[in-house]
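Taken in order, these protein sequences are the chains called A and B.
Position one of the first sequence corresponds to residue 186 (the working numbering), numbered consecutively onward.
Position one of the second sequence corresponds to residue 166 (the working numbering), numbered consecutively onward.
Beta carbons are placed, not taken as given, at the ideal position from N, Cα and C, and that holds for glycine.
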Amino acid sequence: MKRRVLTFLILVTLLVPAGMGISLGPPLKLAPAGMGDQLKLPVESNSVRFMVIGDMGNGKARQYDLAKRMDEARQTFPFTFAITLGDNLYGDTAPEDFQKKFEIPYKPLLDAGVKFYASLGNHDSPNQRSYELFNMNGANYYTYKQGDIRFFALDSTYLDPKQLAWLETELRNAGSDWKICYFHHPLYSSARYHGPSTDLRLLLEPLFIKYGVNVVFSGHEHVYERIKPQHGIYYFTEGASGELRKGDLQVTAIQAKGFDADNTFMLIEIAGDQMYFEVISRAGQSVDSGMIQRQVPSRTNSSANQPPQKAR
Amino acid sequence: MIRKRPNAGPLKYVLLVAFLIPCWAWAAQTTASPKQMHEDAEGFRDFSEGVLKYVKVHNSVEARLRQVKRADAPENIDAHQRELASGIRAARSRARRGDVFTSDASEAIRHVILSVFQGTQAGAARATIQQGEPLRHRVRRVNGTYVDTAPYTTVPPTLLMSLPPLPDILAYRIVGRDLVLLDVTANLVVDFLPQAIP
């Protein structure tokens, strides 16, 4: 009798958690809790570390306050570059606006050598592509590599056939690198004000799936949101780095985590096949964190995030 | 006992019409008459010629200016944009609406736009415009400036797939319901098609 009860208890302990876990992609592990004000990122040697900001360039106190948090974070998490998700400058874009809305708030980061790789939003003049501190090299869309991560910065306000063809070629040539795409308009969103860009999704998602894109960052919605993996791809919205729409997020079936109470920025660390992320608010709180495990793609399967396929 | 088949009566006509209506709608959106196709081809030819003519003007003005580097300072970018716009305005001081969107070109492009906004992706295209902070005001004049502080309405990519391709210096923009041909480097309205977006 006792043996039967013990066997039953062992089986329940093993099977119930497995039965409750439904994974559509690689497992998402949460970093250990209870680290107080310290960042939860591991800061491994030889890792690639960067910051993600979006919809920041309004020149207001909130942007400046958050920029101070970014510099504080950099003291313990020395990131070397940042990506912007568009709406880099709001309103007037005279030369002095570049100072007020970008160069002054981020001066400590720029002085420390942090490079910003910008993408364009719907509030951005295409001529920002020539602005030296955005490192776009005169192009509305471009690709670059950091470590074994290939980044693709797109212009989602004007996704024409030429850009799509370019993207497909570059994705095909990226091999087994981490593939991270970023652009302004989110393909998935639980925010009320704009909602998901389904027209863009029709054209971009098939490419992302076919060529194994791992992570997509977008802005436009002035909130932070992490979406549950869609076809194995992780989607993040970070559009609250200067602008903010409080209370705009709905709770939806696709949402893994959302935060719309304060401005935020993201810190990312990629070490081997792990991507760690942490989201910091203007108040200095960690509002989301975790780790994404990238599956190593097989030779015949170009999509890095699909589960292993059975042999024929 | 012989059992008579039930008389379908009016029901079969209702079903027939219910089947035909979507077929007519699909045929209307996907099948242009040969006459229309011929006229549209001429319209697109007109449009291409107008675009090429404008590009020559743009290039000849820009060749006389200090070139913007790929990584440049904001004051240089700003100065270049203003000087380029000023030079182009002077070079095409007689430009009028319809120079590029000629009558035939307008007709052809309106057909393209209609086919997108009546097609299977119409809902997604409309949603894109709505989500992209649609602008209320209308474009007022050729050679005018696109207002610096106004955001760009996202041009539905499904629409861009169907419109004639443009050289890099030009882009389609949507302002209200107008389709604008914009010189993105000079921030200058080249021409516009009023009330083009249904």
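*Looking only at C-alpha atoms, which of A/Glu454, A/Lys431, A/Thr449 and A/Arg411 sits nearest to A/Ala438?*
When each option's Cα is compared against that of A/Ala438, the closest is A/Arg411.
_Buried or exposed (CB count within 10 angstroms, at least 16 for buried), B/Thr366_ = The structure shown has nothing for residue 366 of chain B, since chain B only spans 166 to 363.
*Mind reading off the beta-carbon distance from A/Asn273 to A/Gly323? Whole number of angstroms is fine, and I expect it under 8 Å.*
At roughly 16 Å, the Cβ-Cβ gap does not stay under 8 Å, so A/Asn273 and A/Gly323 are not in contact.
*Among A/Tyr409, A/Arg479 and A/Gly457, the one whose alpha carbon lies nearest that of A/Glu463*: Residue A/Tyr409 is the option with its Cα nearest to A/Glu463.
*Going along chain A, which residues have a C-beta under 7 Å from B/Pro239?*
Listed along chain A are Pro280, Phe283 and Tyr316, each with a C-beta nearer than 7 Å to that of B/Pro239.
*Verify whether the separation of the beta carbon atoms of A/Pro311 and A/Asn325 is less than 8 Å.*
Yes.
_Straight-line gap, A/Asp384 to B/Thr318 (C-alpha atoms, nearest Å)_ = Cα atoms of A/Asp384 and B/Thr318: separation of roughly 14 Å, rounded to the nearest angstrom.
_Cβ-based contacts, 9 Å cut-off: residues of the stretch 435-456 of chain A near chain B_ = Of all residues in the stretch 435-456 of chain A, none places a beta-carbon less than 9 Å from a beta-carbon of chain B.
_Using a Cβ-Cβ distance cut-off of 8 Å, determine whether A/Asp240 contacts chain B._
No, A/Asp240 lies away from the interface with chain B (no Cβ there is under 8 Å from its Cβ).
*Which of helix, strand or coil does DSSP assign to B/Leu346?*
When secondary structure is reduced to three states using DSSP, B/Leu346 falls in the strand class.
*In its own chain, which residues sit with a C-beta less than 6 Å from the C-beta of A/His407, not counting the 5 before and 5 after it?*
Counting only Cβ-Cβ distances below 6 Å, and skipping sequence neighbours, we find Asp240, Gly424, Ala425, Glu428, Leu429 and Arg430.
*Give a yes or no on whether 8 Å exceeds the smallest Cβ distance from A/Thr383 to chain B.*
Cβ-Cβ to chain B under 8 Å: yes for A/Thr383.
_Three-state class that DSSP yields for A/Val233 in the structure shown_ = In the structure shown, A/Val233 sits in a strand (DSSP, three-state: E or B).
*To the nearest angstrom, report how far apart A/Gln480 and A/Val436 are at their CA atoms.*
Their backbone Cα atoms lie some 29 Å apart in a straight line.
*Is any heavy atom of the ligand FMN found at a distance shorter than 7 Å from the C-beta of B/Ser198?*
This structure lacks the ligand FMN, and indeed carries no ligand of any kind.
*asked:* Which of the three DSSP states is assigned to B/Phe209 in this structure?
replied: Per DSSP, reduced to three states, the secondary structure at B/Phe209 is helical.
*Ends of the beta strand (DSSP E) at A/Tyr461?*
Taken as a continuous stretch (DSSP letters only), the beta strand (DSSP E) holding A/Tyr461 covers Gln459 to Ser466.
*asked:* With a threshold of 8 Å between beta carbons, is A/Thr342 in contact with chain D?
replied: Included in the structure are the protein chains A and B, with no chain D among them.
*So which of B/Val281, B/Ala351, B/Leu347 and B/Pro199 has the shortest CA-CA distance to B/Ala244?*
Among B/Val281, B/Ala351, B/Leu347 and B/Pro199, the Cα nearest to that of B/Ala244 belongs to B/Ala351.
*Just tell me which of B/Ser198, B/Pro199 and B/Ile362 has its CA closest to the CA of B/Gln283.*
When each option's Cα is compared against that of B/Gln283, the closest is B/Ile362.
*asked:* Between B/Tyr219 and chain A, is any beta-carbon pair separated by less than 8 Å?
replied: No, because no Cβ of chain A sits closer than 8 Å to the Cβ of B/Tyr219.
*At which residue ranges does the stretch 233-262 of chain A contain complete alpha helix (DSSP H) runs of 4 or more residues, listed in the order of the chain?*
Taking only runs of at least 4 residues, the alpha helix (DSSP H) segments lying wholly in the stretch 233-262 of chain A are 246-261.
_Partners in chain A for B/Arg235, counting only beta-carbon separations shorter than 7 Å_ = In chain order: Ser315, Asn322 and Gly323.
*Apply the 10 Å Cβ neighbour rule to A/Gln260 and answer buried if 16 or more other Cβ atoms are within range, or exposed otherwise.*
So A/Gln260 ends up on the exposed side.
*Taking C-beta to C-beta, are B/Leu346 and B/Leu335 nearer than 8 Å?*
Less than 8 Å separates the beta-carbon of B/Leu346 from that of B/Leu335.
*Do you know whose CA, among A/Asn231, A/Val237, A/Val233 and A/Glu229, lies nearest A/Ile465's CA?*
For A/Ile465, the closest C-alpha among the options A/Asn231, A/Val237, A/Val233 and A/Glu229 is that of A/Val237.
*Secondary structure at A/Ser403, three-state DSSP: helix, strand or coil?*
Look at A/Ser403 here: in three-state DSSP terms it is strand.
*What do you get for B/Gln360, buried or exposed, if any count of 16 or more other CB atoms within 10 angstroms of its CB means buried?*
With fewer than 16 other Cβ atoms inside 10 Å of its own Cβ, B/Gln360 counts as exposed.
_With three or more C-beta pairs closer than 8 Å as the rule, is the stretch 264-282 of chain B touching the stretch 346-364 of chain A?_
Note that the stretch 346-364 of chain A does not touch the stretch 264-282 of chain B; fewer than 3 beta-carbon pairs, one per stretch, sit closer than 8 Å.
*Could you list which residues in chain A have their beta carbon closer than 7 Å to that of B/Ala289, in chain order?*
Scanning chain A for C-beta atoms nearer than 7 Å to the C-beta of B/Ala289 yields Thr383, Asp384 and Leu387, reported in chain order.
*Residues of the stretch 415-431 of chain A whose Cβ lies closer than 8 Å to any Cβ of chain B, in chain order*: Going along the stretch 415-431 of chain A in chain order, one finds no residue with a Cβ nearer than 8 Å to chain B.
*asked:* So, at 7 Å on beta carbons, what are the nonlocal neighbours of A/Asp296 in its own chain, with the 5 sequence-adjacent residues on each side left out?
replied: Hits under 7 Å: none found.
*As assigned by DSSP and simplified to three states, the class of B/Tyr219*: Correct three-state label for B/Tyr219: helix.
*Considering only residues of the same chain and omitting the five flanking positions on each side of B/Ile278, which have a CB-CB separation below 6 Å?*
For B/Ile278, same chain residues with a beta-carbon under 6 Å away, outside a window of 5 residues either side, are Ala361 in chain order.
*Closest Cα partner of A/Thr278 within the set A/Tyr302, A/Gln313 and A/Ala303*: For A/Thr278, the closest of A/Tyr302, A/Gln313 and A/Ala303 by C-alpha to C-alpha distance is A/Gln313.
*At 7 Å on the CB atoms, spell out the chain B contacts of A/Pro311, in chain order.*
Going along chain B in sequence order, the residues near A/Pro311 (Cβ under 7 Å) are Val349.
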